Amino acid sequence: MKTEAAIFDIGNVLLLFDYMKAARRLMEKSGMDCEPDRARITAANREYELGHTTPDQFLSVVRPEFRDSGDEAEFVAIWEDIFEENTRMTSLARRLAEKMPVFLISNIGPIHHKYIFRQFEVFQIFRDGVYSYRAGFMKPSPEIFEIAIRQFGIHPEHTLYFDDLKENCEAAAAAGLRAHHYEPHREDLPGSWNIPL
13 MKTEAAIFDI GNVLLLFDYM KAARRLMEKS GMDCEPDRAR ITAANREYEL
63 GHTTPDQFLS VVRPEFRDSG DEAEFVAIWE DIFEENTRMT SLARRLAEKM
113 PVFLISNIGP IHHKYIFRQF EVFQIFRDGV YSYRAGFMKP SPEIFEIAIR
163 QFGIHPEHTL YFDDLKENCE AAAAAGLRAH HYEPHREDLP GSWNIPL
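If you're matching positions, the sequence shown starts at 13 in the working numbering and goes up one per residue.
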């Protein structure tokens with residue numbers, strides 16, 4: 013089947029990430045010997061990544077959970093530093109970008125969005141992206157895929173989609189995209205996929 017475009021998820025596809033890396037540093041900084049309220053932070057992060065709250069509102073919830081009363085810029089710098097490039101998938105994205113337009117769909121907030129575009133050169137290859145905090149929807153909601161298909165001007169049946177979460181791949185497939193479930197811990201992917209390179 014003809015392939016005209018490709019769409020990539022970011023977290024645990026193009027970039028591996030670990031929120032606990034930031035959490036451990038923030039706990040050490042504040043001298044905490046027990047973890048903060050994960051449920052409260054997760055709920056705040058969801059509202060933030062949906063665009064329902066601003067970065068300042070998000071930080072006003074999360075910083076007290078880590079007993080942080082110091083410099084906000086220092087807190088943000090630690091919060092940002094949770095990513096590393098997954099060269100197996102960024103190499104694939106680069107190869108595909110030589111042949112077709114490549115795009116992004118991500119559940120992400122503005123702090124991390126701005127950071128990764130500053131920090132990782134690979135994001136320069138992408139033509140456009142749909143981000144949850146701007147769209148007002150998060151994967152696997154069908155609306156975010158509908159927005160992406162319209163915004164990118166693609167034919168979904170001729171578009172590859174890569175995500176690490178099975179439920180997101182199922183939603184992408186329901187929208188007509190050719191979804192590939194990427195599992196970071198498996199060594200046989202993406203070489204076993206039928207992808208034109």
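Built from N, CA and C at the ideal position, the CB exists for glycine as well.
Remember, it's a predicted structure, so these values are computed and weren't measured experimentally.
Contact check, residue i vs residue j, beta carbons under 9 Å
i, j, result
"I156", "S144", "yes"
"L189", "I161", "yes"
"E96", "L177", "no"
"D21", "S118", "yes"
"F70", "G121", "yes"
"A51", "Y173", "no"
"I94", "A34", "yes"
"L62", "F149", "yes"
"M13", "E110", "no"
Cross-strand partners of residue i (DSSP beta bridge)
i, result
"G188", "Bridge partners of G188: none, in fact."
"E97", "L27"
"A17", "T171"
DSSP-derived helix/strand/coil call for residue i
i, result
"E195", "coil"
"D68", "helix"
"I123", "helix"
"L38", "helix"
"I207", "coil"
"I90", "helix"
"I22", "coil"
"R58", "helix"
"R106", "helix"
"P48", "coil"
"R75", "helix"
Exposed unless 16 or more other CB atoms sit within 10 angstroms - verdict on residue i
i, result
"A184", "buried"
"T102", "buried"
"T171", "buried"
"C181", "buried"
"K151", "buried"
"T65", "buried"
Residue i: CB within 8 Å of a non-hydrogen atom of the ligand ADP
i, result
"N24", "By its list of ligands, the structure shown contains no ligand whatsoever, and the ligand ADP lies outside what it can speak to."
Exercise for the section: Write down every uninterrupted run of the alpha helix (DSSP H) in the region 110–181 whose length is 4 residues or greater and which is fully enclosed by it, in chain order. Expected result: Complete alpha helix (DSSP H) runs here, min 4: 122–131, 144–147, 154–164.
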